[in-house]
Each structure stands twice: as structure tokens, then as C-alpha cells.
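Asks: For the working numbering, add 192 to where a residue sits in the sequence shown, where the first one is 1.
Have a look at this one before I ask anything.
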Amino acid sequence: MATKVNSTLPDVYFNPHVASLPKYNAGLGPEAAQAASGLKTIARLASNENPYGCSPSVSKALEAVEPWRYSDPGCHRLRLALSEHLSVSPDKLVIGNGSEEMIAASARAFLRPDATALTVSPCFGLHEIEPLAVGAKVEKVPMTPSFEFDIIGLERALARSPHLLFLPSPWNPVGAALNHKELRRLVSATPDSTMFVLDEAYYEFTSEVIPDGLSLLRESGRPYIVLRTFSKAFGLAGLRVGYAVCSSAPIARMLAAAKTPFNVNASAQAAALAALADPGWMQGSVRQIVAERERVANRLRQSGLRVAPSEGNFLFVETGRSSECVARDLLKAGVIVKPWMETPYDSFIRVSVGTPEENDQFLGALLRHPGASEPAVSAKASSARYDLGLAPHA
């Protein structure tokens, strides 16, 4: 007689810190969007990807990859190339499976249960999720009514000596970036006992008035980690490769110890090397994206919508109604955006800057009926609630 297995596991099996985490949402894929909308042409404007792809040299580099071989666990060639590119010693660089892995490694390396991590609100989900996963507490300082960093509020929070600061600049999802004066104030206000983690995933899109945070922190003499990525401006989102620049080799070693071995696959390393060697292609695509960002923002403002100033490749838009309803209406028009569900920002959407054609598709769909919900979406779309991005943040 077969023994009946109890499929319900007792709570003792579960790490309580992980079991209670808010769920990160990676968004809706094109196939699901096509099925939900019934349309073939989908504008993928939810994940802040580079709509122009990546340098042609990347494809050629990928042809030489030997997939049956393990990747270099130390990413030595890529670290040497970045060392030259950034004028940083290679022993201060750690390469990650996207900068997201470096966020997780920072939390694992420099936080412990009952420690405190400080960040901003609305926040990039992993700046909250990864500290919570190790049992730390998270404090968030909201943005100002004018879509800026609350510098005074952050200074007050830093005076309480949090163990770690996750500071995004440009700020996903808002778009704001710290100017020289603001960043210097926050660096000065941060105790040496606080690990200062500056997330510059969108650094390449910033204007000349925005400082190079790495250079400024380097001058400060304090401990720091600066995060950057090849996912956005370089167009390698699908290959997952980012990196951390650390103020010292001991911090880099600690961060490296908190990641998995062979964490960056061989294709990602080859692609990143090729992309880094072709800066002209990246800069050209960035110029197109920035020009489109301003065009779309101006059109939205002319239509009476509030749009946060952005230094990234995305816009944070207050729609005046439920972001969930807006996302569903746009999906029916073949447009995927990120509805923000973090209270009190749940009337905002984050929309990536796409090609001119994709942006026009978005503008046409949003502005046709900006204040009214259309008929109910299909059952397939309704069942895709979580995939639409309807989590507190992502």
C-alpha cells in the first residue's frame, strides 16, 4: 500500500526572512502580451532595455564562445578591461550576473539580522528585498512632491547610522539623479560605519550636470561600492553582466565571497568585452534614447500629465488613476509598461523609452483615453495579474 505524502510542509522548513519577502516582478514577456492582447506588434516598454539592441561586434564575439567550457570564475579579462576603462585597480572590481547579483552580495556581505538598510521610496525592489532576505530592517525616505531626493530627510536617516545605504542615481523608478552638491552632502552625512552603495545602473544616460559618482566617492576617502551594468546602455540585458567598483581590495574580496562561483557565464563575459570595446555604438544609441525621452516627456506634459524629470532611459508618469487599470488598457493596445503598486505611488507608471515607433504606439494608446478604462481585458490578460508588474515594486 502506497504511503500518502503530506504535501504541506511545516513552517520549520522555511527561512522566515525569505518566506515573508515581497515578490520581485520581472514583468510581462512578449509572448504573454501577444496572447493577452491578441496583437502581434508589442511595444516592450517595461524593463528599461535598450531598444536598439547591442553593438554588432557582440554577435561576432559570441560565435567564438565554447559553451562546453566553464567560464572564467574570476572574469580576469573583463576586470582588466574595466580596470583600464575606469582607471581602477582590478582587485577592486567584482563582476556579477547583472548588477542585481551585486546588490544581493552587498546585503549578504555587509548586513546581518536586525541591521538596518536605508534607501529611498519609491524604490527599486531589490534594494528592499535583498536586505530583508538576510533579516535586516529597511528604512525608506520618500521622494519630495517635486520628484526629487529628500536630502534633509536622508541626512536625518543617516544620522541614525544605518549599516548600509542603497542610493540609486539615476533613481529607478523616478528618474532623478543627484547633482554634485547633493551627492557631496550625502557622502559627508554618511558615517564611516555605513557601507555606501551607489547604484549607477543608468549612469551612461545622464547629462553633463550629473557627477560621475565613482570619481566623487574616490575623492572622499570613505568606504564605498559603486554598481554599474551592461544591461541598459550597452544592450546586454539578456546576458546579465554587471559589476561593482569597491573602494578597497578587502571590500571587493568580501563582496566576491558573497556571490556564487562561475556566476558570469562565458557568453556574458565575451559580450561585455566586445561591447566595452565599441563605445561609439553605445553612445550613439544613448543619444537617440535621450532625444526620444525628452520628446515623449514633453508630449505627456502638454497633455496635462505630471512627468518626473529623468536622467535615465525611462519616465515616471502620474496618470491620475489606478496604475493597474492603465497597464491593462495599454496592454490591450500592445504596450507593456510597469504599473507602480507601491503606496502611495500606485497612480504612477514607469515607461521605458523605446524606438520612435514604439513611443508613438504608447503615446497614442495612453492619450487616446487617458482618464477612462476601456472594456474588461481578456481572461488571459486577467490571469496574468502578477506578470503585468502588479507587485509593490520591481
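Where is the CB? At the ideal position from N, CA and C, for every residue including glycine.
Here the structure is a predicted model, which is why all the values come from computation and not from measurement.
Can you give me the start and stop residues for the beta strand (DSSP E) that Asp391 sits inside?
Replies: Note, Asp391: beta strand (DSSP E), 387 to 391.
Asks: Assuming Cys438 is part of the alpha helix (DSSP H), what are its boundary residues?
Replies: That residue, Cys438, is in no alpha helix (DSSP H); its beta strand (DSSP E) goes 434 to 438.
Asks: So the beta strand (DSSP E) Pro334 belongs to, where does it begin and stop?
Replies: Start and end: 329 to 334.
Asks: Whole-angstrom Cβ separation of Ile417 and Val379, contact assumed at under 8 Å?
Replies: In fact, because the Cβ distance is near 13 Å, the residues do not count as touching under 8 Å.
Asks: Starting from the C-beta of Leu555, find all residues in its chain whose C-beta is less than 7 Å away, skip the five residues before and the five after it, and write them out in chain order.
Replies: Around Leu555: Val488, Arg491.
Asks: So Arg420 is in the beta strand (DSSP E); what residue range does that whole segment cover?
Replies: Arg420 -> beta strand (DSSP E) spans 416 to 421.
Asks: Which first and last residues belong to the beta strand (DSSP E) in which Ile287 is found?
Replies: First-last of the beta strand (DSSP E) with Ile287: 285 to 288.
Asks: Could you compute how far the alpha carbon of Tyr205 sits from the alpha carbon of Pro248?
Replies: The straight-line gap from Cα to Cα measures roughly 48 Å.
Asks: For the alpha helix (DSSP H) that Glu484 lies in, which residues bound it at each end?
Replies: 471 to 494 is the span of the alpha helix (DSSP H), which, as asked, contains Glu484.
Asks: From this set, Ala450, Arg560, Asp538, Ala458, which residue's C-alpha is nearest Val326's C-alpha?
Replies: Minimum Cα distance to Val326 is reached at Ala450.
Asks: Anyone know if the C-beta pair for Glu503 and Ser313 falls short of 9 Å?
Replies: Not a contact, by the Cβ cut-off of 9 Å.
Asks: Taking only runs that begin and end inside the region 345 to 415, name each unbroken beta strand (DSSP E) of 3 or more residues, in chain order.
Replies: Those beta strand (DSSP E) runs which fall completely within the region 345 to 415 and span 3+ residues are 356 to 360, 387 to 391.
Asks: Output yes if chain B places a C-beta closer than 9 Å to the C-beta of Arg304; else output no.
Replies: This model lacks chain B altogether, as it is built from one protein chain only.
Asks: Provide the residue(s) that pair with Phe508 in DSSP beta bridges, ordered along the chain.
Replies: Answer by DSSP bridge pairing, in chain order: Arg542.
Asks: Helix, strand or coil for Arg271 per DSSP?
Replies: Residue state, collapsed to three classes: helix.
Asks: Suppose contacts are defined by Cβ-Cβ distances below 9 Å. Is Ala469 in contact with Leu431 by that definition?
Replies: Going by C-beta atoms, Ala469 is not nearer than 9 Å to Leu431.
Asks: Identify the residues that DSSP records as bridge partners of Ala463: which are they?
Replies: None; Ala463 has no bridge partner.
Asks: Given a cut-off of 9 Å on the beta-carbon distance, is the pair Gly367 and Ala500 in contact?
Replies: Yes, Cβ-Cβ distance for Gly367 and Ala500 is below 9 Å.
Asks: Given a cut-off of 9 Å, decide if Leu370 and Gly405 are closer than it, judged by their beta-carbon atoms.
Replies: Yes.
Asks: Going by DSSP, what residues sit across from Ile528 in a beta bridge?
Replies: Arg236, per the DSSP bridge assignment.
Asks: One question on the structure: do Lys284 and Ser439 come within less than 9 Å of each other, judged by their Cβ atoms?
Replies: In contact: Lys284 and Ser439 (Cβ atoms closer than 9 Å).
Asks: Look up Ala500 in the DSSP assignment and say whether it is helix, strand or coil.
Replies: Coil, per DSSP.
Asks: For Val286, collect the residues of the same chain with a Cβ closer than 8 Å to its Cβ; drop the 5 residues on either side in sequence, then sort them by chain order.
Replies: Hits under 8 Å: Met294, Ala297, Tyr435, Ala436, Cys438, Ala444, Leu447, Ala448, Lys451.
Asks: Rank Ala557, Pro471, Ala525, Gln494 by C-alpha distance to the C-alpha of Val250 and give the top, closest one.
Replies: Among Ala557, Pro471, Ala525, Gln494, the Cα nearest to that of Val250 is on Pro471.
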